[in-house]
Amino acid sequence: MLCVMVFVLLFSVFSVANANSFYTEQYAKVNAPHNTGMSMEDLDKTTAMLLDYLNDKRDDLNLEVEKWGETEQVFDDREISHMVDVKNLYATAAKVMYISFAISAAILVYLFIKDGKARFFIGAVKGYKVAIAVAAILIVIFGSAFTFGFNTFWTMFHELVFTNDLWLLDPRVSTMINMYPLPFWLAMCTDMMVRFAVIFFCLYPVLNTMKKHFTR
């Protein structure tokens with residue numbers, strides 16, 4: 000059930016991170032067109048390019064857009080180098096998600112066959128209660144970090160997962176940091192956490208109902 004928790008958490012991350020509509024909505028909220036000198040159309044094109052790159056549907060980040068009335072590449076060399084690191088992190092997270100799903104599915108199928116329906120669902124509910132307790136602790140910790148010190152949390156996250164300082168971008172010259180300022184990431188992380196909580200906690204009554212049905 001802890002593997003199920005990891006899978007649901009990463010599934011929530013990817014479902015938000017790959018939602019084009021989320022980016023368009025946030026561009027308007029953070030005033031990205033004004034801060035980057037780009038049209039909303041070009042911002043959406045850039046989003047599509049970034050998501051294709053992260054999902055291994057293209058190999059480069061070459062895209063010319065109009066910024067402040069001049070046609071130029073949307074990202075500079077430093078930003079592109081940082082995205083190489085982001086793509087590696089993205090791929091690693093995807094592998095962990097798939098491995099967590101495979102492990103949890105294999106264990107659950109094995110126990111279902113070994114224990115029978117009634118014992119299986121009794122054990123599944125017990126295990127899920129432990130996973131819910133762990134999930135609740137994580138939600139409280141990250142929720143507090145998001146509410147009271149997201150800047151510190153976001154900095155610590157980058158220092159932990161990246162081995163260089165390419166993520167340190169200057170808002171005076173970086174298109175990327177002006178497309179994705181801190182409020183953008185706060186909104187994304189909050190949406191991910193909310194989605195995780197809704198999906199994960201809603202699975203419990205389903206399991207509990209199945210347990211009651213087969214132990215009646």
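All the letters of the sequence shown, read from the start, carry residue numbers 0 to 215 under numbering that gives the first Met the number 0.
Where is the CB? At the ideal position from N, CA and C, for every residue including glycine.
Just so it is clear, the structure is predicted and the values come from calculations on it, not from any experiment.
Could you give the C-beta distance for residue i and residue j, rounded to a whole number, given that I count them as a contact under 8 Å?
| i | j | result |
| --- | --- | --- |
| threonine 174 | valine 73 | 6 Å |
| leucine 168 | glutamate 71 | Contact doesn't hold; Cβ gap of about 17 Å is too wide. |
| methionine 0 | tyrosine 127 | 5 Å |
| leucine 42 | methionine 178 | 7 Å |
| valine 160 | leucine 88 | 6 Å |
| phenylalanine 145 | threonine 189 | 6 Å |
Using C-beta distances below 7 Å, list every residue in its chain close to residue i, excluding the 5 sequence neighbours before and after it, in chain order.
| i | result |
| --- | --- |
| serine 14 | Arg194 |
| serine 103 | Cys2, Val3 and Phe6 |
| isoleucine 138 | Met192 and Ala196 |
Could you give the distance in angstroms between the alpha-carbon of residue i and the alpha-carbon of residue j?
| i | j | result |
| --- | --- | --- |
| phenylalanine 120 | serine 80 | 48 Å |
| methionine 39 | serine 20 | 12 Å |
| valine 5 | asparagine 17 | 18 Å |
| alanine 101 | valine 108 | 11 Å |
| aspartate 59 | valine 124 | 46 Å |
| alanine 93 | leucine 9 | 8 Å |
| threonine 154 | glycine 115 | 48 Å |
| aspartate 75 | leucine 53 | 17 Å |
| alanine 135 | valine 129 | 10 Å |
| methionine 48 | cysteine 2 | 32 Å |
| valine 83 | arginine 118 | 47 Å |
| alanine 90 | isoleucine 140 | 26 Å |
| arginine 171 | methionine 96 | 37 Å |
| isoleucine 176 | aspartate 164 | 14 Å |
Quick one: residues in its chain with C-beta nearer than 8 Å to the C-beta of residue i, no 5 flanking neighbours on either side, listed in chain order?
| i | result |
| --- | --- |
| isoleucine 131 | Phe199, Phe200 and Tyr203 |
| serine 11 | Met191, Met192, Arg194, Phe195 and Ile198 |
| phenylalanine 57 | The displayed chain sequence assigns arginine, not phenylalanine, to residue 57. So the list reads Met48 and Asp51, once near-sequence residues are dropped. |
| valine 85 | Leu53 |
Quick check on DSSP: helix, strand or coil for residue i?
| i | result |
| --- | --- |
| threonine 70 | strand |
| histidine 64 | The sequence given here has valine at residue 64, not histidine. In the structure shown, valine 64 sits in a strand (DSSP, three-state: E or B). |
| alanine 18 | coil |
| proline 170 | coil |
| proline 180 | coil |
| aspartate 59 | coil |
| serine 103 | helix |
| aspartate 41 | helix |
| threonine 208 | helix |
Please classify residue i: is it buried, with 16 or more other beta-carbons within 10 angstroms of its beta-carbon, or exposed?
| i | result |
| --- | --- |
| serine 143 | exposed |
| tryptophan 166 | buried |
| threonine 35 | buried |
| phenylalanine 183 | buried |
| tyrosine 26 | buried |
| threonine 45 | buried |
| isoleucine 112 | exposed |
| valine 64 | buried |
| isoleucine 98 | exposed |
| alanine 31 | buried |
Which residues in the same chain have their Cβ closer than 6 Å to the Cβ of residue i, if we skip the five residues on either side of it in sequence?
| i | result |
| --- | --- |
| tyrosine 22 | Thr46 |
| phenylalanine 149 | Leu185 |
| leucine 110 | Phe119 |
| valine 157 | According to the sequence as given, residue 157 is histidine; it is not valine. Result list for histidine 157: Trp166, in chain order. |
| lysine 66 | Gly36 and Met37 |
| threonine 214 | Ala117 |
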